[in-house]
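These notes concern the structure reproduced below.
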Amino acid sequence: MNMPIRKTFAVLLASAGLAAMVSAAPAWAVTPADTLVEGFAFDDIISVDPGEAFELSTAEITGNTYNMLVRINPENTAEVVNELAESWSVSDDKLTYTFKLKPGLKFASGNPITAEDVAFSMERAVKLDKSPAFLLTQFGLTGDNVTEKAKAVDPLTFTLTVDKPYAPSFVLNVLTATVASVVDKKLVMSKAQPVTPSEKYKYDTDFGNGFLKTGYAGSGPYKIMAWKANEAVVLEANPNYFGEKPKLKRVIYRYMKESSSQRLALEAGDIDVARNLEPGDMEAVSKKPGMVITSAPKGTVYFISFNQKNKDLAKPEVREALKYLIDYDAIGATLIKGVGTIHQTFLPAGQLGAIDDKPYKLDVAKAKELLAKAGLKDGFSVTFDVRNIQPVTGIAESFQQTAAQAGIKVEIIPGDGKQTLTKFRSRKHDLYIGQWGSDYFDPNSNAETFTSNTDNSDDSKNKTLAWRNAWDVPALTKETQSALLEPDAAKRAAIYQDLQKKVLADGPFAIIYQQVEIAGHSEKLKNFKLGPSFDTNFVYTISKD
Amino acid sequence: MTTGLDTPVLSRREWLLSDRPASRLQAQLGRAYMVWLRFSANRLALAGLGIILMLIVVALFADVLAPHNPVQGDLRNARLLPPGTGSYLLGTDDQGRDILSRLIHGSRLTLAVVVLVAIIAAPLGLLVGTVSGYAGGWVDAVLMRITDIFLAFPKLVLALAFVAALGPGIENAILAIALTSWPPYARMARAETLGVRHSDYIAAVRLMGASPFRIVLRHVMPMCLSSLIVRVTLDMAGIILTAAGLGFLGLGAQPPLPEWGAMIASGRRFILDQWWVATMPGIAILIVSLGFNLLGDGLRDALDPREAGQ
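Chains as they are written, first to last, in UniProt numbering: chain C, 1 to 545; chain E, 1 to 310.
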């Protein structure tokens, strides 16, 4: 009876071996020729409704699938170009903006794009009042007046009335944010769910928010076919798209969190693009034959901020000394190599009025001198709240070492993003390292947060970075507000330049670097580009060999 | 020079091994010598002892032994250098710090953790266990149920909860580990106490009017000591691993302290290309844990009264 069992076992073994070979085979598979597969950590997506989404990964999806009246020119970010709009004009009192739409455009559903749809998109964004709604409500739009202020005059004419004579460049820049994406009113309202009005939400419909959370009603080059949280986002070419047709039929974003797993998948050919490579993995990928790295500067700056409630940090000499205690050059050459460029002013390069002054470098002697002037010859102790994530942890440790050379004892308090941010927002930190990404492509987004503090009390409604560090600067606040109403672009730029110089010299912020987004991909991809903002990371230009 | 004594001269070994000790000191030394003989017959145990002695020496002379500053690195020129580059024998980490120097200074932290946890947890467990075992009744019930509660949680999970509540840091990590490691000692001490509480010598001491406090302290606790020492030594590897685990999770020692677990955590990002950053502290933890385990095993064999010749 021994033999048959052995035979069976041998057969089993052989089939197991075969099965292993068959299941191993897909590892060599290349991605389909008409499909782009990207490895992407998009765990931040909570909804793909353009009226609700305010996350970086979603911006990329929205940018590729929806159209807006106007859009930032990715080649020259100081310029706004027409998309759905054929032309626009502003009234002499600078309160009314009139947009003429291009005729004959269609949504992916086949419905025509009209001014009605544009007005409806604004109305629902304001009434839903989700995270990005402030972009529109800052112009004085409210749930009660939005139908009056943003309306369709005729099928191809849309007018927007704002409450103050803002600089037209500011208004147009804000309208390039994804919240102003135009949705298909007919389709959306047919899917809208009735809601019982309440104190908080006064309307009897959800304006299709439930449907659009995972659905699609746009007109962009690609359609959203599916979004499965932490699994995949699937886009498919939109046959009704009015512009240049996308080269690839399908784009699949595969959820991959770890840099190393993206690198391995890229090297194995399982994905075409790896989007979240860390510096070490990026360097390894760039050395592989047939692989290239594409990069683009983004509008996010990283900074260390000093809470002015701390009496040591409130001394101007100490603020300046700390800026001399960061080893910018070494950090730029190592910790953020490839993912950031050293940048010391609060406006990221590419925005109106941005200057690229870099007066600070590591200078321990100078810092000691300044500390002595402040009466702190022997240094002092200070705590430092740091989020447990690279590269900020590495930068914080490097700063800890260089600050120690001037006698400043830095105690790092690590925490996850929520912990450190909560402490920062309630002004209980000493030092804090964080980043600020522009909400829209206009200098006001950063200028407001770094220089404007309308009310320095603890229970203030204003939560700008200046407030979070208790930096009470009425003069700068006024200057920032004046820039908003300055119609002349050159003069406006001059105000922002002045503001940047003042923050650079005296502000409680040591701005360290501007983020550079990188992606590793095979040379076979043609026209792979990363845009200056997350909603301009277009995939429709990409083709494969 | 002769001493002028004419009594037959015993060699030191014979004096120690004499079965008719003339003084209490001689008896105690003789017993210790027996233990040492049994211990030293075990080569592995000696190796363990050697490792631990070396750890102590390295920790004591860290300032002299370390070739570089453990917390000041050269970020610009010496980042992630492989082992053997220039004066960096074990390579450098992502802040350009010498890994060997960090390991040498980290031995102080490791030793401090082990010693402090042992100093806190062992007496606590001993006290709870002996009192519980000697007193019996409701005291026993209450103390043992508290012990049960602590034993019901996995050690690392409980330590994590304590550190999360107390805030990250090496002192809190030590406290948390100590708070979670006393229950087994209490259990063991209670079992030993139950074994001796009805023996004749305890009854004799009680008849002489000794207070329960004195009995527990002077006559019960010493009986539990040898098994406690063995147990603590064997647990030290576990303590090191728990401390390293907390450091790895960012809850133990904080930067720039060169704690081995935290060093592994920061080296994990480079495991594909710069393997040495995480591997070197891992090897250090392995060697020291192994040392404590070998030492503990040897001590158990040597101290076990059932195998004792006397």
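Don't be surprised by glycine CBs; every beta carbon is placed ideally from N, CA and C.
Check, Outcome
"Should the segment 125-145 of chain C be called in touch with the segment 99-117 of chain C, which here means at least 3 C-beta pairs below 8 Å?", "no"
"Can you grab the Cα-Cα spacing for the pair Asp93 (chain E) / Asn172 (chain E), in whole Å?", "26 Å"
"Could you work out which residues of chain C lie near Asp273 (chain E), taking near to mean beta carbons separated by less than 9 Å?", "Gly280, Asp281, Glu283 and Ala284"
"Considering Lys223 (chain C), what are the terminal residues of the beta strand (DSSP E) in which it resides?", "Tyr222 to Lys228"
"If you count every other CB in all the chains shown that lies within 10 Å of the CB of Gln193 (chain C), and 16 or more means buried, which is it?", "exposed"
"Pull up the DSSP beta-bridge partners for Ile511 (chain C), would you.", "C:Phe303"
"Can you give me the Cβ contacts of Asp163 (chain C) inside the same chain, cut-off strictly under 7 Å, excluding the 5 residues immediately before and after it?", "Phe139 and Gly140"
"List the endpoints of the continuous beta strand (DSSP E) containing Ala133 (chain C).", "Neither: Ala133 (chain C) is in no beta strand (DSSP E) and is coded neither H nor E."
"Over the uninterrupted alpha helix (DSSP H) stretch that includes Glu320 (chain C), give me the two end residues.", "Pro316 to Lys323"
"Determine the DSSP secondary structure at Tyr134 (chain E), reduced to helix, strand or coil.", "helix"
"Can you tell me where the alpha helix (DSSP H) with Tyr496 (chain C) in it begins and where it stops?", "Ala489 to Asp506"
"Any idea if Ser11 (chain E) is buried or exposed, counting beta-carbon neighbours within 10 angstroms, 16 or more meaning buried?", "exposed"
"Give me the chain C residues within the contact set of Pro168 (chain E), using Cβ-Cβ distance strictly less than 9 Å, ordered along the chain.", "Ile413, Pro414 and Gly415"
"Under a CB-based cut-off of 8 Å, is Arg300 (chain E) close to chain C?", "no"
"Which residues, in order along the segment 77-107 of chain E, keep a beta-carbon less than 9 Å from a beta-carbon of chain C?", "Asn77, Arg79, Leu80, Asp94, Gln95, Gly96 and Arg97"
"Less than 8 Å between the C-beta atoms of Gly250 (chain E) and Ala265 (chain E), yes or no?", "yes"
"Can you find a C-beta in chain C that's less than 8 Å from the C-beta of Gln26 (chain E)?", "no"
"Between the segment 373-391 of chain C and chain E, which residues of the former have a C-beta closer than 8 Å to a C-beta of the latter?", "Asn388 and Gln390"
"Take Thr536 (chain C) and list the residues in its own chain whose beta-carbon comes closer than 7 Å to its own, dropping the five residues that flank it on each side.", "Gly63, Ile72 and Pro74"
"Do Ala150 (chain C) and Leu135 (chain C) have their C-beta atoms within less than 8 Å of each other?", "no"
"Gly261 (chain E) CB to nearest chain C CB: under 8 Å?", "no"
"Counting only Cβ-Cβ distances shorter than 9 Å, please list the residues of the segment 264-294 of chain E near chain C, keeping chain order.", "Ser266, Arg269, Phe270, Ile271, Leu272, Asp273 and Gln274"
"Does the separation of the CB atoms of Gly39 (chain C) and Arg275 (chain C) fall below 8 Å?", "yes"
"Please confirm if Leu75 (chain E) has its CB atom under 8 Å from at least one CB of chain C.", "yes"
"What is the rounded straight-line gap between the Cα of Tyr185 (chain E) and the Cα of Asn462 (chain C)?", "56 Å"
"May I ask you to report which of helix, strand or coil DSSP gives Pro82 (chain E)?", "coil"
"So, under 8 Å CB-CB, Ala406 (chain C) and Leu371 (chain C) are touching, yes? Tell me the CB distance rounded to an integer number of Å.", "6 Å"
"Checking contacts by CB at 8 Å: is Leu199 (chain C) closer than that to chain E?", "The sequence shown places Glu at residue 199 (chain C), not Leu. It does not; no Cβ of chain E falls within 8 Å."
"Grab the span of the alpha helix (DSSP H) containing Gln351 (chain C) for me, first residue to last.", "No alpha helix (DSSP H) contains Gln351 (chain C), which DSSP labels as neither H nor E."
"Measure the C-alpha to C-alpha separation of Leu101 (chain C) and Tyr216 (chain C) and round it to an integer number of angstroms.", "22 Å"
"Starting from Val71 (chain E), find everything on chain C with Cβ-Cβ shorter than 9 Å and list it in chain order.", "Gln400, Gln401 and Ala404"
"Alpha carbon to alpha carbon, what distance is there between Gln344 (chain C) and Gly332 (chain C)?", "12 Å"
"Please list, in chain order, the residues of the segment 308-337 of chain C that have any C-beta partner in chain B closer than 8 Å.", "In the displayed structure, chain B is absent; the protein chains listed are C and E."
"Please go through the same chain and pick out, in chain order, the residues whose beta-carbon is closer than 6 Å to the beta-carbon of Val234 (chain C), but skip the five residues on each side of it.", "Met225, Ala226 and Ile252"
"Mark Ile542 (chain C) as exposed unless 16 or more other C-beta atoms lie within 10 angstroms of its C-beta, in which case mark it buried.", "buried"
"If the criterion is Cβ atoms closer than 8 Å, does the pair Pro256 (chain E) and Gln401 (chain C) meet it?", "yes"
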